[in-house]
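The sequence shown begins at 1 in the UniProt record's numbering and counts up one residue at a time.
Ideal Cβ placement from N, Cα and C applies to all residues, glycine included.
Reviewing the structure listed below.
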Amino acid sequence: MTAVVWFRNDLRSLDHRALSAACANHDTVRGLYLLCPAQLDEHIIAPIRRHYLRRALDELGRQLGEIGIVFDIIDVGHFRNIDDQLSAYCRQHHVDTVYAHREWLLDEMRRDDGCLEKNIPLQLIDDSLLSPLEIAKGDGGPYKVFTPFSRRSRDHLAAKFPTCLRRPQAMAKAVSNPACPVFGEERDSSLWPASQDALLDQLRDFCAERADDYREARDFPELDDTSRLSAALSFGLLSPRQCLARLQQECGEAIWDGNSGAGTWFNELLWREFYRHVAYHFPKVVRGRAFQTYTENIPWPNNQALFEAWQEGRTGYPIVDAGMRQLRESGWMHNRLRMITASFLCKDLHIDWRWGERHFMENLIDGDFCSNNGGWQWAASTGTDAAPYFRIFNPTTQGQRFDAKGEFIQRYVPELRHLSGKALHQPPESDIYPAPIVEHKEVRQITLALFKNVRD
Ligand SMILES: Cc1cc2nc3c(=O)[nH]c(=O)nc-3n(C[C@H](O)[C@H](O)[C@H](O)COP(=O)(O)OP(=O)(O)OC[C@H]3O[C@@H](n4cnc5c(N)ncnc54)[C@H](O)[C@@H]3O)c2cc1C
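Here it is as structure tokens:
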């Protein structure tokens with residue numbers, strides 16, 4: 001009999017538990033990806049991300065082909081067709097086990113339940129997280145605050161440090177798998193490596209060369225000293241286990257010291273885990289609801305013209321505009337700028353965080369529901385661990401602090417290249433660059449009132 005490995009957001013052949021289990025237990029193994037273009041639209045996948053996904057699928061087909069595994073990509077149209085199409089596939093190929101990694105967002109859990117109800121021999125394996133979903137507080141409840149969550153996760157990982165799996169031995173003679181067809185509007189993503197070797201090099205280089213300085217360097221967009229692995233992680237081209245294992249290999253015991261660069265990067269991997277736990281334990285966030293219920297009552301004014309100025313990077317606040325233009329031009333934005341631009345949208349322009357969340361998904365190559373939702377709710381002070389609503393970034397001082405010389409600003413806002421020092425961060429009115437669209441001091445007071453008025 002044949003086993004099939006149903007790949008989802010785990011598009012790799014190294015350190016893949018489901019693939020390893022299938023190869024260990026069966027003589028014949030096929031790989032399968034069920035493409036749902038309509039669902040990709042519903043879940044908002046940016047054109048650059050769509051292109052990256054197609055390249056990732058081609059790369060996976062190549063990797064599987066090398067070990068003699070046929071990789072089928074089937075366009076099922078819509079999510080709701082999956083169980084019927086998968087049943088038919090299993091009958092056609094005499095499949096007795098479908099191996100897949102468990103997913104925990106609502107739609108995905110329903111999809112898997114639907115398959116099990118149709119008696120598809122689906123074997124779900126827990127693989128995608130470093131911190132098991134069962135990790136709980138002393139009272140048995142899920143964590144709502146990051147710091148204790150990360151402490152508990154570290155204890156868990158220290159007691160049982162994860163090991164990575166090798167790629168399975170070849171099952172048969174190498175095969176050539178066909179390329180994935182184009183499935184919607186795309187934007188070129190070729191600056192982002194999708195091949196396994198390039199990603200492993202990128203991970204190794206980051207851990208060996210830059211992780212030590214990460215704590216100091218990570219907040220300065222011009223240094224560009226973060227790993228840039230988020231897109232690969234979001235589609236599972238690398239596993240978080242591979243990241244942690246490599247970090248430990250290069251940085252040793254420093255990973256356990258939260259004040260070291262390596263320990264700080266470890267923490268970022270745990271932020272990613274935390275937001276997955278939140279989405280699983282508090283599914284209202286998956287349904288578009290705020291974690292802090294009272295903030296649902298904020299009457300966001302949602303001024304369309306202000307929103308468009310933000311989207312287009314013409315707010316008159318240089319660091320905000322530079323960040324928004326980086327997103328527009330490259331499909332990615334530095335974390336510090338995500339925080340600044342998100343805060344600006346909600347707390348200076350008074351626009352519902354869900355508008356910004358959607359805009360990011362429409363543009364980011366690493367658009368990932370849990371991390372994006374968590375980041376937006378953090379910035380808007382509506383989420384777990386939310387920045388208190390009265391902590392409001394001043395966009396001018398953020399620019400002065402994190403891009404003091406304005407090098408990053410000048411790269412993305414060329415109209416300001418003739419300025420320096422204070423003038424660069426607070427440009428004088430001119431024909432080529434807009435005056436600030438809002439006065440920070442004034443709108444700050446409005447934000448405070450918006451929150452205060454709806455608090456208990
Ligand atoms: C408003 C907002 C929206 C965001 N949207 C996304 C998103 O759609 N997809 C996404 O992957 N990240 C998102 N983030 C988190 C973070 O900005 C990116 O993960 C990071 O900038 C990616 O760059 P990097 O790979 O160089 O990260 P590094 O600094 O090298 O960090 C390593 C990895 O840790 C994870 N990580 C780092 N910071 C965070 C964080 N704050 N929350 C969750 N995971 C984190 C990422 O997987 C990242 O690749 C968002 C943050 C904010 C404030």
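- For the pair Arg102 and Ile125, the CB atoms are nearer than the 8 Å cut-off.
- Residues of the same chain with a CB within less than 8 Å of the CB of Gln85, apart from the 5 flanking positions on each side, are Leu34, Ile74 and Val76 in chain order.
- Excluding residues up to 5 positions away in sequence, Ala211, Leu247, Cys251, Ala254 and Ile255 lie with their Cβ nearer than 6 Å to the Cβ of Ala262 in the same chain.
- Less than 8 Å separates the beta-carbon of Ala170 from that of Gly68.
- If only complete runs of 4 or more residues are kept, the segment 43-77 shows the alpha helix (DSSP H) at 47-66, in order along the chain.
- C-alpha of Ala279 to C-alpha of Thr384: approximately 11 Å in a straight line.
- By the neighbour-count criterion, in which 16 or more other beta carbons inside 10 Å mark a residue as buried, Pro428 falls on the exposed side.
- Trp6: member of the beta strand (DSSP E) spanning Thr2 to Phe7, first to last residue.
- In this structure, the CA atom of Ile365 is about 4 Å from the CA atom of Arg49.
- For Val286, same chain residues with a beta-carbon under 7 Å away, outside a window of 5 residues either side, are Leu105, Leu106 and Ala279 in chain order.
- Less than 8 Å divides the Cβ of Phe393 from the Cβ of Ser343.
- Annotation for Phe71: Gly31, Gly61, Leu64 and Asn177 place their beta carbon closer than 6 Å to its own, counting only its chain and skipping 5 residues before and after.
- Per DSSP, the unbroken beta strand (DSSP E) holding Leu34 starts and ends at Thr28 to Leu35.
- Assignment of Gln202 by DSSP, reduced to helix, strand and coil, places it in the helix class.
- If you look at Ile340, you'll find it in the alpha helix (DSSP H) that goes Asn335 to Ser343.
- Contact check for Arg241 against Leu133 fails: the beta carbons are separated by 8 Å or more.
- Nearest to Pro193 by C-alpha distance, out of Asp368, Asp139 and Leu238, is Leu238.
- For Ile340, the closest of Ala379, Glu362, Glu312 and Phe235 by C-alpha to C-alpha distance is Ala379.
- Distance between Glu415 and Thr382, taken at the CA atoms: about 35 Å.
- In this structure, the straight-line span from the alpha carbon of Ala56 to that of Leu419 is close to 42 Å.
- In this structure, Gln196 keeps its C-beta atom at 8 Å or more from the C-beta atom of Leu229.
- Out of Trp271, Ala305, Ile44 and Lys144, the CA that lies nearest to the CA of Phe282 is found in Lys144.
- Ligand 1 has a heavy atom closer than 7 Å to the beta-carbon of Leu233.
- Counting only residues of its own chain and dropping the five nearest sequence neighbours on each side, Gly258 has no CB closer than 6 Å to any other CB.
- Between the alpha carbons of Asn297 and Phe451 lies a distance of about 9 Å.
- Phe408 has its CB no nearer than 7 Å to any heavy atom of ligand 1.
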